[in-house]
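One structure below.
Protein chains: 4
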Amino acid sequence: MGTIGLAVIGAGYWGPNLVRNAQATPGLRLRYLCDLDADRARRVLGEYSTVAVSDSLDEVLADPSVDAVAIATPAATHLPVAMAALEAGKHVLVEKPLAATYAEGRQLVEAADRRGLTLMLDHTYCYTAAVQHLRDLVRGGGIGSVQYLDSVRINLGLVQPDVDVLWDLAPHDLSIFLSILPEGVQPIAVAAHGSDPIGAGRACVAHLTIELTGGAMAHVHVNWLSPTKVRTMIIGGSARTVVFDDLNPAQRVAIYDRGVDRKEAGEVGAGERAQTLISYRTGDMVAPALPEKEALRSVMAEFHASITESRPPLTDGRSGLQVLSILEAASASLAQGGAFLPILGGEFAASNTDSSTEGANA
Amino acid sequence: MGTIGLAVIGAGYWGPNLVRNAQATPGLRLRYLCDLDADRARRVLGEYSTVAVSDSLDEVLADPSVDAVAIATPAATHLPVAMAALEAGKHVLVEKPLAATYAEGRQLVEAADRRGLTLMLDHTYCYTAAVQHLRDLVRGGGIGSVQYLDSVRINLGLVQPDVDVLWDLAPHDLSIFLSILPEGVQPIAVAAHGSDPIGAGRACVAHLTIELTGGAMAHVHVNWLSPTKVRTMIIGGSARTVVFDDLNPAQRVAIYDRGVDRKEAGEVGAGERAQTLISYRTGDMVAPALPEKEALRSVMAEFHASITESRPPLTDGRSGLQVLSILEAASASLAQGGAFLPILGGEFAASNTDSSTEGANA
Amino acid sequence: MGTIGLAVIGAGYWGPNLVRNAQATPGLRLRYLCDLDADRARRVLGEYSTVAVSDSLDEVLADPSVDAVAIATPAATHLPVAMAALEAGKHVLVEKPLAATYAEGRQLVEAADRRGLTLMLDHTYCYTAAVQHLRDLVRGGGIGSVQYLDSVRINLGLVQPDVDVLWDLAPHDLSIFLSILPEGVQPIAVAAHGSDPIGAGRACVAHLTIELTGGAMAHVHVNWLSPTKVRTMIIGGSARTVVFDDLNPAQRVAIYDRGVDRKEAGEVGAGERAQTLISYRTGDMVAPALPEKEALRSVMAEFHASITESRPPLTDGRSGLQVLSILEAASASLAQGGAFLPILGGEFAASNTDSSTEGANA
Amino acid sequence: MGTIGLAVIGAGYWGPNLVRNAQATPGLRLRYLCDLDADRARRVLGEYSTVAVSDSLDEVLADPSVDAVAIATPAATHLPVAMAALEAGKHVLVEKPLAATYAEGRQLVEAADRRGLTLMLDHTYCYTAAVQHLRDLVRGGGIGSVQYLDSVRINLGLVQPDVDVLWDLAPHDLSIFLSILPEGVQPIAVAAHGSDPIGAGRACVAHLTIELTGGAMAHVHVNWLSPTKVRTMIIGGSARTVVFDDLNPAQRVAIYDRGVDRKEAGEVGAGERAQTLISYRTGDMVAPALPEKEALRSVMAEFHASITESRPPLTDGRSGLQVLSILEAASASLAQGGAFLPILGGEFAASNTDSSTEGANA
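Residue numbers (full-length UniProt numbering), protein chains in the order written: chain U, 1 to 362; chain Z, 1 to 362; chain G, 1 to 362; chain H, 1 to 362.
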């Protein structure tokens, strides 16, 4: 298959990044930047561009030179916009979250499945060199079994008019978790606490506690009110522990040969006390060299490849759906004062083929 | 009153620090280091010391030259050891936590009250220059109203044989919270999540979510398994936000004039949208110069002063009791899967005088 | 005056940045990207651009719609390229250094003067929010008198085929120094040490020691071989000291009220010892909030403004000449084993008007 | 041999550290703390010590139970105090620098040699786990050949009444250099620049440039006026480069597999340009786990071991002499405006036996 004609829908915060990276991706041909506000689209393109501007989604979708769309509109509009694109036979790349609700997201996944079209989530972080290193390391057994995850994503952020801090920021952490967790280790229940100390009408600070298959715990702290910016994730393993600090370009990933071990009963004499069952490792740290690359460039390349190779992308609709199922359970927990609630969606994935289940974890 | 004769009870992990600082404090005269294992006590004192060693608490308490004791024995022994000291008419400084349970701690507070003796908690952090600066700043209104607190205390720690990570580490965070929160802002409910991924038999990773009077939320993350050490506390306020990083000696306290404000309705025109009610401050940061001093020296000085001035110390028994009430509620929440539980102890404080209530907040 | 027609000359390392920022600058109209290798120029512009490509400088200079050129070619070509542009009546923005030698640079300054054209140096750092804050602070007397400067610029860098590390990196430090030093404080002599431990044929590590009017000392450490990246400048003052860490986006500028003072004789009693003449300040640190902006955008705006307002730009030809005079003296010192050598160029500046001298400091 | 009786001479800044560590060292028996000001000595020992105080060096040296002395008096007094001790047959540990001049230091080395007594320098840094790791790594060939060294030691420091910043701080850097440099790589010439911007009467900021055998360059920046503290050393090698950051306890030593290589002529085709001779490595970083220990404890243990084993200590008199020879040449260079001057002392070492030459490098 030759060049993929692309339209970017939405010229707001994220759209310009899609435009820039689409233009730099071999095999993609950017045909339109589409926004209800055509002037805004024109300003994004600048005065030197040959790309067409449109304020009509219908016009764009009717153009046979458009094979695919990249959607960067508010989440509430993802269902109608993406559905229109799928119904017009276009492949879809959609900004996170997949949709405003799990039910809406499921409609999109089913529609894409029915038509055999690519539905891909722009979970940008999953395409960074750091997360890809983490994924290979963790899935490859390099840290042993996963013992806990802890992610902190706080900074002075824009209080969103439509979603709370969980829906705004946690999709990043959740999509990274899903991307790196070994097969068979899945979120099964979630509890959420949040607060709105400025009276914004929605949670501005929130904590997610997630129970994983096998009993390990993951925690996410998101906060729009912090004066300092923190982007740190710890993945504790039985053999090694990794720290991912996205704000430390000289050392984004650090792999520590440090931890606490419990010896098996057979290894200690009968007379020794329980305390002797614990031992400590304090070994070296290795910070692997990572290539410098813009993650969104890899997103575009994967979108292109998944279309031309007719295969699910790394971050397909099911991974977007899984993020939605966690967010919905978290919102329900938040409303109920922090109780643990099961994460739905398993039955949906289960009703599909093995390969699609595999895709859900990807 | 002249010199206070002191005995240190317990020559384990913390005892040597008490010995060293007691010896350097004017007005204190160290008479004994007492430990069931006299050899261990001798090793702590070294070969050049004139301080007496004893393996008998009774002997020490019977000595009229001993006016006060500093207890650094396991928490489970605090009740009998401290009670014996109080009954012998000795003032008591006790390592955190006050006792193994709230009920035990309450016995000690009541016994000290009855006899008019000082009962002081060695909440060492409350005597650091950083926390004292925070206390003056927050209580003095320097950050406006408190919006949230967030404390992270993680490192590769000793898995304790008798207590979980909450009881081991969170007393530090909780005593700092109690020390700096303005009067009238108190913990009223707590939810706890924890996990034991290494099979140690007790939680090694835990998260506390605390609801405060007025609706603000505090969060504590404690973890024995982290390969990296973090000791960071954020206190978000309506006017300023403070970051306390205990591992950054060059900049332990940073005060940010940054935040998110909500304008009052009267300030915005009727036609403006809700979003315009939000505004952002991105002002300067100030890192105050703090004196270098050893906090435990100040603990000793306060113990001496509270005895000679017959006044409650900054960290009196009630503050220790309040920490216990939070820990007990947290443990119950942990056992019940993370439900919010009320924090007991208010009725006890309420049954006392105003001054004692004040003391409970100190 | 209306829009300024611009051509960018050179599509190598820096040219793409000039192209991008020129396109985003109101009042500038990018007409050409010119490179001997037209394909390279086409790749820089991408497939969506309306900007013309040319491989002929003559063609570009002959086009009356081109009012100005921005030159990003190797330093050795700056004289012919910039001279041709000036002779064609075009204003010139030139990448640092101004030219390959002081003599060549002087020809360009004189040619621009004769024709009344703008000759501006792209000393990008001088247009960052951090350096502009430093400039206002230091020139405004905010740190008292300047006591010393220290700049470290090290990282794993590209070993340049034509220039040594001094000529490659030190122009950044020197142009910042010239930009922030108060009038009347000027470099007057320089000593340089360097080494070439990898046998590259030119210095890869170098140290510059610069004597300033009044006796203060400035030092620059540049290094292509360091595995870690450091970009730190300290400006010590009698009243305050500033640290500029370009790699710490959360705290690029930190102003310390710390230092060592010498009391004047009158302030101490006759009987006091000399040592008592020294006192220490250990006050607070303030990290000012700085706007986030791309410096090269401001370079373009200043280029445009200096042309339309017929005034010298902040970093005019004379500031470029002053950098060259320091580099030439440093190279001579390097060749002579590190002797202090006077910095030439003063007589040239002196032969001009007051306003041009002022410009030389700018 | 049994226990070594020790006297500490000098109860000022450093003496208390010697007292504390001597008391904790097996095989050492602290007999005296000696100071002209007996009250100061008493205050250092505190009210609980059995160690004797003396204000008479003669008394201490006359006591046959004293086998060795540790001297922490001002540098100007090292010659008479240490010489008296040696003449009384006592082994000597002396704070850096060995003496006030090279000539004085040489007298001490010769006197110790004649009597077969240990003369050891308290170059504390050489006994840290970090420097010992560096030493093993560098001498063991782990970084290839040494290409450059760079050390920065700056902070708001006490302006010394008797010595300038070079003599105060640079002995640390120089002793580390001598400790880790491979045999055969020695300082052979030095140039120094300094300034006294506060009018203290001596250099408060200084830069040393040192030429090593084989052409590599070492640089030392020392500064009493910096508001921030930096203690960073880079040791560039042909195979790896090490960064030693003494203020980063979590990562004091970092070994980078990064650098610039020059291919040998045979490796590149005849037609390739010179530029292709350069290649870059950007590999992983490893931060080795280092034991936590107090370096001064190891100093004491080495002092004890060198006496009981009748062998030269790691930091013997010759290493102290070599530091003095560099400092003297640096002071002369400073006085002469920064000219490179040869480092004396080689002939002295040469006139001795092979083993003593080896000792000079230790």
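Don't be surprised by glycine CBs; every beta carbon is placed ideally from N, CA and C.
8 angstroms Cβ cutoff, residue i in contact with chain H
i: A216 (chain U); result: no
i: W224 (chain G); result: yes
Reduced DSSP secondary structure (H/G/I, E/B, other) of residue i
i: G359 (chain U); result: Low confidence applies here, because G359 (chain U) scores a pLDDT of 30, under 50, leaving its location unreliable; read the following figure in that light. G359 (chain U) falls in the helix class under three-state DSSP.
i: T282 (chain U); result: strand
i: G214 (chain U); result: coil
i: T209 (chain Z); result: strand
i: R202 (chain U); result: coil
i: I9 (chain G); result: strand
i: Y256 (chain G); result: strand
i: A88 (chain G); result: coil
i: G320 (chain U); result: helix
i: residue 370 (chain G); result: In the structure as shown, chain G begins at 1 and stops at 362. Residue 370 (chain G) is therefore absent and cannot be evaluated.
i: I143 (chain H); result: coil
Partners in chain U for residue i, counting only beta-carbon separations shorter than 7 angstroms
i: T282 (chain H); result: A289
i: L30 (chain G); result: Y48
Alpha carbon of residue i to alpha carbon of residue j, nearest angstrom
i: V44 (chain Z); j: D58 (chain H); result: 33 angstroms
i: Q322 (chain G); j: A75 (chain G); result: 16 angstroms
i: R115 (chain H); j: L324 (chain H); result: 22 angstroms
i: Q336 (chain U); j: H193 (chain U); result: 9 angstroms
i: T353 (chain G); j: A203 (chain H); result: Low confidence applies here, because T353 (chain G) scores a pLDDT of 34, under 50, leaving its location unreliable and the question unanswered by this model.
i: L169 (chain Z); j: V220 (chain Z); result: 10 angstroms
i: D55 (chain Z); j: C34 (chain Z); result: 5 angstroms
Closer than 8 angstroms to chain Z by CB, residue i
i: A62 (chain H); result: no
Boundaries (first-last residue) of the alpha helix (DSSP H) holding residue i
i: F177 (chain G); result: 165-180
i: G15 (chain G); result: 15-23
i: D39 (chain U); result: 38-45
i: L57 (chain Z); result: 57-62
i: A339 (chain G); result: Premise fails: A339 (chain G) is in no alpha helix (DSSP H) and is neither H nor E.
Chain U contact for residue i (CB, 8 angstroms cutoff)
i: M233 (chain H); result: no
i: N17 (chain G); result: no
i: R252 (chain Z); result: no
i: T209 (chain Z); result: yes
i: Q147 (chain Z); result: yes
Range covered by the beta strand (DSSP E) that runs through residue i
i: L30 (chain U); result: 28-34
i: P187 (chain G); result: 187-195
i: L149 (chain H); result: 146-156
i: H91 (chain U); result: 91-95
i: S306 (chain G); result: Premise fails: S306 (chain G) lies in the alpha helix (DSSP H), 295-308, not in any beta strand (DSSP E).
i: G236 (chain H); result: 225-237
i: A52 (chain H); result: 52-54
i: D122 (chain U); result: 119-122
Any C-beta of chain G under 8 angstroms from that of residue i
i: F340 (chain H); result: yes
i: A239 (chain H); result: no
Beta-carbon neighbours of residue i, restricted to chain U and to distances below 8 angstroms
i: R243 (chain Z); result: This sequence places Val at residue 243 (chain Z); Arg is not what is there. P227, T228, listed in chain order.
Interface residues of chain G facing residue i [CB-CB closer than 9 angstroms]
i: V286 (chain Z); result: D284, M285, V286, A287
i: T50 (chain U); result: E47, Y48, S49, T50
Beta-carbon neighbours of residue i, restricted to chain Z and to distances below 9 angstroms
i: A24 (chain H); result: G46
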